[in-house]
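Here the sequence shown stands for residues 11 to 76, where the numbers follow my numbering. Glycine is no exception: its CB is placed at the ideal position from the N, C-alpha and C atoms.
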Amino acid sequence: MKSKNSVAVKIITTLVIAAIIGVVGYGNSLEKRIDRHDVEIAKIGKDIEYIKIGVEELLRRTQGDK
Numbered sequence: 011m012k013s014k015n016s017v018a019v020k021i022i023t024t025l026v027i028a029a030i031i032g033v034v035g036y037g038n039s040l041e042k043r044i045d046r047h048d049v050e051i052a053k054i055g056k057d058i059e060y061i062k063i064g065v066e067e068l069l070r071r072t073q074g075d076k
């Protein structure tokens, strides 16, 4: 016959393992979201660079017309 303590220990151990798995899973999910945001930020940075080049070219053309 199992004692109540061993059943309680098994339940607590199972809950602790489930909590660890949950935290690790959430961390991985968060890391993936951060990676996606980094990619989006890089795309925005590239767009800003293209706009900057376009504005510089426009300034060169307009100043050359003077």
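- Distance from the CA of Leu68 to the CA of Tyr60, rounded to the nearest whole angstrom, comes to 12 Å.
- Note on geometry: alpha-carbon atoms of Ile63 and Ala29 lie some 51 Å from one another.
- Secondary structure note for Ser13: it is in no alpha helix (DSSP H), with a DSSP letter that is neither H nor E.
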